[in-house]
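Trainee: I am attaching a structure below and will ask some questions about it afterwards.
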Amino acid sequence: MDALLGMLAPDVVFYGDGGGKARATRNPVTEPRRVGQLLVGGLRRTRLLGAALRPAWVNGRPGAVTYDAEGRVVSVVEVDIVDGVIHAIHSVSNPDKLGHLGSVSDMARLPVE
C-alpha cells in the first residue's frame with residue numbers, strides 16, 4: 003500500500019460513473035489512503051471474479067480496461083498524471099458508455115429491482 007500511496011497526489015480524486023446501471027462510487031473519493039483502499043479492493047475483486055485488467059490508452063491518457071473471463075468489457079479507467087503522480091482517476095462502468103469497445107459484461111451491473 004505504501005508504494006501505491008507514493009504514486010497518489012495529496013489531492014487525488016477518484017470519480018466513478020456507473021450511470022445508475024452498474025456498480026460505481028456515487029460520490030468522488032478523496033484522500034490518498036481512501037483512494038488507495040478503493041483501488042486495492044477493486045483489484046482484489048477483479049482477480050476473485052476471474053476478470054483481467056489490461057493497460058490501455060484511454061482518451062489519450064494512460065489507463066486500463068477490465069475484461070471478464072469471456073473477454074467482455076466490464077469497465078474502463080483513465081488516469082490523470084501530473085508531475086509524476088496521479089491526480090485523478092476516472093472509472094466508467096456505465097454499460098451505455100462502453101458499447102463502442104465491444105461486448106459489455108453484466109459483471110458490474112446493478113440488480114434490476
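First residue of the sequence shown? That's 3 in the numbering used here, and the numbers climb one at a time after it.
For glycine and all other residues, C-beta sits at the position ideal for the given N, C-alpha and C.
Note that the structure is predicted; figures quoted are calculated from it, not measured.
Count Cβ pairs between the region 30-38 and the region 63-76 that sit closer than 8 Å; are there 3 or more?
Mentor: Counting Cβ pairs under 8 Å, fewer than three are found: no touch.
Trainee: Suppose contacts are defined by Cβ-Cβ distances below 7 Å. Is Val79 in contact with Leu100 by that definition?
Mentor: In the sequence shown, the residue the question calls residue 79 occupies position 77. In the sequence shown, the residue the question calls residue 100 occupies position 98. No, these two residues do not count as a Cβ contact at 7 Å.
Trainee: I'd like the list of long-range same chain contacts for Met3, defined as Cβ closer than 7 Å, with 5 residues on each side in sequence excluded.
Mentor: Working through the sequence shown from its first residue, we reach residue 3 at position 1. Counting only Cβ-Cβ distances below 7 Å, and skipping sequence neighbours, we find Gly38, Val42.
Trainee: Under 8 Å by Cβ, that's how I've got Leu10 and Val60 pegged, so tell me the actual separation to the nearest angstrom.
Mentor: Position 8 of the sequence shown, counting from 1, holds the residue named residue 10. Position 58 of the sequence shown, counting from 1, holds the residue named residue 60. That pair is no contact at about 18 Å.
Trainee: Hey, Gly21 and Asn96: beta-carbon distance below 7 Å or not?
Mentor: Locating residue 21 in the sequence shown gives position 19, where the first residue counts as 1. Locating residue 96 in the sequence shown gives position 94, where the first residue counts as 1. Yes, these two residues count as a Cβ contact at 7 Å.
Trainee: Any idea what DSSP makes of Arg25, helix, strand or coil?
Mentor: As a working mapping, residue 25 is identified with position 23 in the sequence shown. Residue state, collapsed to three classes: coil.
Trainee: Just grab the DSSP bridge partners of Ser93 for me.
Mentor: The count along the sequence shown starts at 1 and reaches residue 93 at position 91. Gly18, Val79, per the DSSP bridge assignment.
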